[in-house]
Amino acid sequence: MSQGGSKNGGVIIFSKVSENKSKLSLRLEYEPEGAVEKTGDMVGVVSRRVEGDLQRFKDFIESHGQETGAWRGKVA
6 MSQGGSKNGG VIIFSKVSEN KSKLSLRLEY EPEGAVEKTG DMVGVVSRRV EGDLQRFKDF
66 IESHGQETGA WRGKVA
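All you need for my numbering is the position in the sequence shown, starting with 1, plus 5.
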């Protein structure tokens, strides 16, 4: 759920594919407000931004090469 601005929400699911490979699935719901946001949404600005953010996240994770030692629990 958004904290401000346009209404949005979603879910990310991480699935283990193999010992060294994971799959990330994203579902994002977004309600553009105003003419500028609606036009941007129609021409794919939001989709390209999300795809770019996901690619940067992938690059960041893969650049570390190993776990950080951070928390390994489950989110309920």
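Glycine included, C-beta positions come from ideal geometry on N, C-alpha and C.
> For the alpha helix (DSSP H) that S52 lies in, which residues bound it at each end?
Replying inline: In the sequence shown, residue 52 corresponds to position 47, counting from 1. That run of the alpha helix (DSSP H) goes V50 to H69.
> Where do the N-terminal and C-terminal ends of the beta strand (DSSP E) with E34 fall, by residue?
Replying inline: Taking the first residue of the sequence shown as 1, we reach residue 34 at position 29. Element bounds for E34: K26 to E36.
> Could you give the residue range of the beta strand (DSSP E) that holds G15?
Replying inline: Residue 15 sits at position 10 when you count from the first residue of the sequence shown. That run of the beta strand (DSSP E) goes K12 to S23.
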